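Just so we're aligned, residue 11 is where the sequence shown starts under my numbering, counting upward by one.
For glycine and all other residues, C-beta sits at the position ideal for the given N, C-alpha and C.
These numbers were taken from a predicted model, which means no experiment stands behind them.
These notes concern the structure reproduced below.
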Amino acid sequence: MAIKIILAEDQSLLSSALAQLLNLEDDLDVIGTYADGQAAWQHIKYDHPDVVILDIEMPKQTGLQVAETIHSEKLPVKVIILTTFANKQYFETAVQAKVNGYLLKDIPSDELIQSIHEVIAGKTLYSPELVTSILGDVTNPLSQKETQILKEISLGKSTSEIAKALYLSGGTVRNYISAILSKLGAVNRIEALNIAEKHRWM
(Lines of atoms letter the chains of each structure in order from A and count residues from 1; the text may use other names and numbers.)
(Lines give C-alpha, C1' and ligand atoms only; values in the text may rest on other atoms or scores of the structure.)
Protein backbone atom coordinates (compact mmCIF):
# COMPACT_ATOMS: atom_id res chain seq x y z
CA MET A 1 0.00 0.00 0.00
CA ALA A 2 1.42 3.35 -1.05
CA ILE A 3 2.57 5.94 1.49
CA LYS A 4 0.20 8.93 1.18
CA ILE A 5 1.99 12.29 1.19
CA ILE A 6 0.81 15.89 1.45
CA LEU A 7 3.30 18.52 0.30
CA ALA A 8 3.14 22.15 1.45
CA GLU A 9 5.51 24.42 -0.48
CA ASP A 10 4.78 27.95 -1.74
CA GLN A 11 7.29 27.86 -4.61
CA SER A 12 5.15 26.31 -7.35
CA LEU A 13 8.01 25.08 -9.53
CA LEU A 14 9.71 23.32 -6.63
CA SER A 15 6.41 21.90 -5.39
CA SER A 16 5.54 20.51 -8.83
CA ALA A 17 9.01 19.03 -9.39
CA LEU A 18 9.05 17.43 -5.94
CA ALA A 19 5.58 15.96 -6.38
CA GLN A 20 6.53 14.47 -9.75
CA LEU A 21 9.74 13.04 -8.31
CA LEU A 22 7.99 11.37 -5.38
CA ASN A 23 5.18 10.03 -7.55
CA LEU A 24 7.73 8.16 -9.68
CA GLU A 25 8.21 5.83 -6.71
CA ASP A 26 5.80 2.85 -6.74
CA ASP A 27 5.13 3.08 -3.01
CA LEU A 28 4.78 6.88 -2.70
CA ASP A 29 1.62 8.80 -3.58
CA VAL A 30 1.43 12.61 -3.33
CA ILE A 31 -2.28 13.15 -2.65
CA GLY A 32 -2.10 16.94 -2.46
CA THR A 33 0.18 19.95 -2.92
CA TYR A 34 -0.62 23.26 -1.23
CA ALA A 35 0.98 26.69 -1.41
CA ASP A 36 0.07 27.91 2.06
CA GLY A 37 0.03 26.42 5.54
CA GLN A 38 -3.66 27.05 6.18
CA ALA A 39 -4.79 25.09 3.12
CA ALA A 40 -2.34 22.31 3.94
CA TRP A 41 -3.69 22.02 7.49
CA GLN A 42 -7.31 21.76 6.30
CA HIS A 43 -6.42 18.86 4.01
CA ILE A 44 -4.15 17.17 6.54
CA LYS A 45 -7.13 17.02 8.93
CA TYR A 46 -9.48 15.40 6.46
CA ASP A 47 -7.31 13.48 3.97
CA HIS A 48 -5.35 11.47 6.57
CA PRO A 49 -1.90 11.39 4.91
CA ASP A 50 0.86 9.18 6.26
CA VAL A 51 3.50 11.89 5.82
CA VAL A 52 3.40 15.67 5.43
CA ILE A 53 6.37 17.55 4.00
CA LEU A 54 6.33 21.19 5.07
CA ASP A 55 8.29 24.24 4.00
CA ILE A 56 8.75 26.76 6.81
CA GLU A 57 8.05 30.19 5.32
CA MET A 58 4.61 30.06 3.69
CA PRO A 59 1.62 32.42 3.55
CA LYS A 60 -1.18 32.31 6.16
CA GLN A 61 0.53 29.69 8.34
CA THR A 62 4.17 28.67 8.47
CA GLY A 63 5.23 25.06 8.29
CA LEU A 64 6.27 25.25 11.92
CA GLN A 65 2.80 26.43 12.94
CA VAL A 66 1.25 23.55 11.03
CA ALA A 67 3.68 21.12 12.70
CA GLU A 68 2.80 22.50 16.14
CA THR A 69 -0.92 22.11 15.43
CA ILE A 70 -0.44 18.52 14.23
CA HIS A 71 1.43 17.78 17.45
CA SER A 72 -1.16 19.45 19.70
CA GLU A 73 -4.02 17.66 17.92
CA LYS A 74 -2.11 14.36 18.24
CA LEU A 75 -2.72 13.40 14.61
CA PRO A 76 -1.13 10.08 13.57
CA VAL A 77 0.94 11.60 10.77
CA LYS A 78 4.69 11.84 10.28
CA VAL A 79 6.01 15.39 9.78
CA ILE A 80 9.08 16.32 7.76
CA ILE A 81 10.27 19.93 7.61
CA LEU A 82 12.05 20.56 4.30
CA THR A 83 13.65 24.00 4.29
CA THR A 84 16.52 26.19 3.18
CA PHE A 85 16.88 27.53 6.72
CA ALA A 86 19.62 26.06 8.94
CA ASN A 87 18.30 28.27 11.70
CA LYS A 88 18.71 27.46 15.39
CA GLN A 89 15.40 29.00 16.49
CA TYR A 90 13.44 27.26 13.72
CA PHE A 91 15.14 23.97 14.53
CA GLU A 92 14.38 24.25 18.25
CA THR A 93 10.72 25.03 17.49
CA ALA A 94 10.53 22.01 15.19
CA VAL A 95 12.03 19.74 17.85
CA GLN A 96 9.49 21.01 20.39
CA ALA A 97 6.74 20.18 17.89
CA LYS A 98 8.13 16.61 17.76
CA VAL A 99 8.70 16.65 14.00
CA ASN A 100 10.02 13.40 12.57
CA GLY A 101 12.49 15.03 10.23
CA TYR A 102 14.18 18.39 9.67
CA LEU A 103 15.98 18.32 6.34
CA LEU A 104 17.55 20.94 4.09
CA LYS A 105 16.32 21.42 0.52
CA ASP A 106 19.69 20.63 -1.01
CA ILE A 107 19.34 17.00 0.10
CA PRO A 108 19.78 14.59 -2.86
CA SER A 109 16.46 13.21 -4.13
CA ASP A 110 17.35 9.59 -3.33
CA GLU A 111 18.17 10.57 0.26
CA LEU A 112 14.84 12.38 0.60
CA ILE A 113 12.99 9.28 -0.59
CA GLN A 114 14.98 7.11 1.81
CA SER A 115 14.25 9.59 4.61
CA ILE A 116 10.50 9.26 4.01
CA HIS A 117 10.74 5.49 4.38
CA GLU A 118 12.88 5.81 7.51
CA VAL A 119 10.45 8.26 9.11
CA ILE A 120 7.57 5.87 8.37
CA ALA A 121 9.63 3.14 10.05
CA GLY A 122 9.83 5.25 13.21
CA LYS A 123 13.15 7.05 12.88
CA THR A 124 13.73 10.74 13.61
CA LEU A 125 16.05 12.42 11.14
CA TYR A 126 17.85 15.74 11.36
CA SER A 127 20.11 17.09 8.62
CA PRO A 128 23.75 16.42 9.64
CA GLU A 129 24.77 19.85 8.31
CA LEU A 130 22.15 21.45 10.49
CA VAL A 131 23.15 19.62 13.65
CA THR A 132 26.80 20.48 13.05
CA SER A 133 25.86 24.12 12.51
CA ILE A 134 23.75 24.28 15.67
CA LEU A 135 26.29 22.50 17.86
CA GLY A 136 28.97 24.81 16.54
CA ASP A 137 26.90 27.89 17.23
CA VAL A 138 28.85 30.66 18.94
CA THR A 139 27.30 33.17 21.31
CA ASN A 140 26.79 36.58 19.73
CA PRO A 141 29.41 38.92 21.29
CA LEU A 142 27.72 42.05 19.98
CA SER A 143 25.49 44.30 22.06
CA GLN A 144 22.01 45.21 20.84
CA LYS A 145 23.22 48.63 19.69
CA GLU A 146 26.23 47.14 17.88
CA THR A 147 23.96 44.65 16.12
CA GLN A 148 21.66 47.53 15.14
CA ILE A 149 24.59 49.45 13.69
CA LEU A 150 25.75 46.40 11.76
CA LYS A 151 22.26 46.08 10.27
CA GLU A 152 22.50 49.70 9.15
CA ILE A 153 25.90 48.95 7.59
CA SER A 154 24.33 46.02 5.72
CA LEU A 155 21.96 48.53 4.09
CA GLY A 156 24.98 50.32 2.63
CA LYS A 157 24.75 53.36 4.87
CA SER A 158 27.72 55.60 5.60
CA THR A 159 28.84 56.56 9.11
CA SER A 160 27.02 59.90 8.87
CA GLU A 161 23.83 58.25 7.58
CA ILE A 162 23.91 55.73 10.43
CA ALA A 163 24.48 58.53 12.94
CA LYS A 164 21.46 60.41 11.58
CA ALA A 165 19.23 57.29 11.54
CA LEU A 166 20.10 56.31 15.11
CA TYR A 167 20.36 59.82 16.56
CA LEU A 168 24.02 59.39 17.47
CA SER A 169 27.11 61.47 16.81
CA GLY A 170 29.49 60.43 14.06
CA GLY A 171 32.22 59.83 16.63
CA THR A 172 29.97 57.52 18.68
CA VAL A 173 29.12 55.50 15.57
CA ARG A 174 32.82 55.18 14.70
CA ASN A 175 33.51 53.97 18.26
CA TYR A 176 30.78 51.36 17.92
CA ILE A 177 32.17 50.21 14.57
CA SER A 178 35.66 49.90 16.08
CA ALA A 179 34.20 47.78 18.88
CA ILE A 180 32.36 45.59 16.35
CA LEU A 181 35.53 44.97 14.33
CA SER A 182 37.48 44.20 17.50
CA LYS A 183 34.88 41.77 18.90
CA LEU A 184 34.51 39.91 15.59
CA GLY A 185 38.20 39.97 14.72
CA ALA A 186 37.32 41.59 11.41
CA VAL A 187 39.58 43.91 9.42
CA ASN A 188 36.73 45.89 7.83
CA ARG A 189 32.96 46.32 7.72
CA ILE A 190 32.42 43.80 4.92
CA GLU A 191 34.24 41.07 6.82
CA ALA A 192 32.29 41.94 9.97
CA LEU A 193 29.02 41.60 8.03
CA ASN A 194 30.08 38.24 6.59
CA ILE A 195 30.97 36.90 10.05
CA ALA A 196 27.69 38.09 11.58
CA GLU A 197 25.60 36.66 8.74
CA LYS A 198 27.44 33.34 8.86
CA HIS A 199 26.56 32.94 12.54
CA ARG A 200 23.03 34.31 12.02
CA TRP A 201 23.54 37.17 14.51
CA MET A 202 21.54 39.62 12.36
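- prompt: Quick one: what's V89 bridged to in DSSP?
  reply: As a position in the sequence shown, residue 89 is number 79, starting the count at 1. Beta-bridge analysis with DSSP links V89 to V62.
task: Pair every Cβ in the region 176-184 with every Cβ in the region 124-131, then say whether three or more of these pairs are closer than 8 Å.
output: Counting Cβ pairs under 8 Å, fewer than three are found: no touch.
A29, buried or exposed, once every other Cβ within 10 Å from all chains shown has been counted against 16: As a first step, residue 29 is located in the sequence shown; it is residue number 19 there, counting from the start. A29 is buried by the Cβ-count criterion.
- request: Report the three-state DSSP secondary structure of K208 (helix, strand or coil).
  value: On the sequence shown, residue 208 is found 198 positions in, with the first residue counted as 1. In this structure, K208 counts as helix in the three-state DSSP scheme.
K14 in three-state terms, based on DSSP: Translated into the one-based positions of the sequence shown, residue 14 becomes position 4. Three-state result, K14: strand.
task: Name, in chain order, the residues that DSSP records as bridge partners for V40.
output: As a first step, residue 40 must be located in the sequence shown, where it is residue number 30. Paired residue(s): I15.
- prompt: Straight-line CA distance for P59 to S153?
  reply: For the purposes of this step, residue 59 is taken as the residue at position 49 of the sequence shown. For the purposes of this step, residue 153 is taken as the residue at position 143 of the sequence shown. Going from the Cα of P59 to the Cα of S153 covers about 46 Å.
query: How would you call N198, buried or exposed, if buried means at least 16 neighbouring beta carbons within 10 angstroms?
result: As a first step, residue 198 must be located in the sequence shown, where it is residue number 188. Its Cβ having fewer than 16 others within 10 Å, N198 is exposed.
task: Within 10 angstroms of the Cβ of V109, are there 16 or more other Cβ atoms? Answer buried if so, exposed if not.
output: Counting from one through the sequence shown, the residue named residue 109 turns up at place 99. It is buried - the Cβ of V109 has at least 16 other Cβ atoms within 10 Å.
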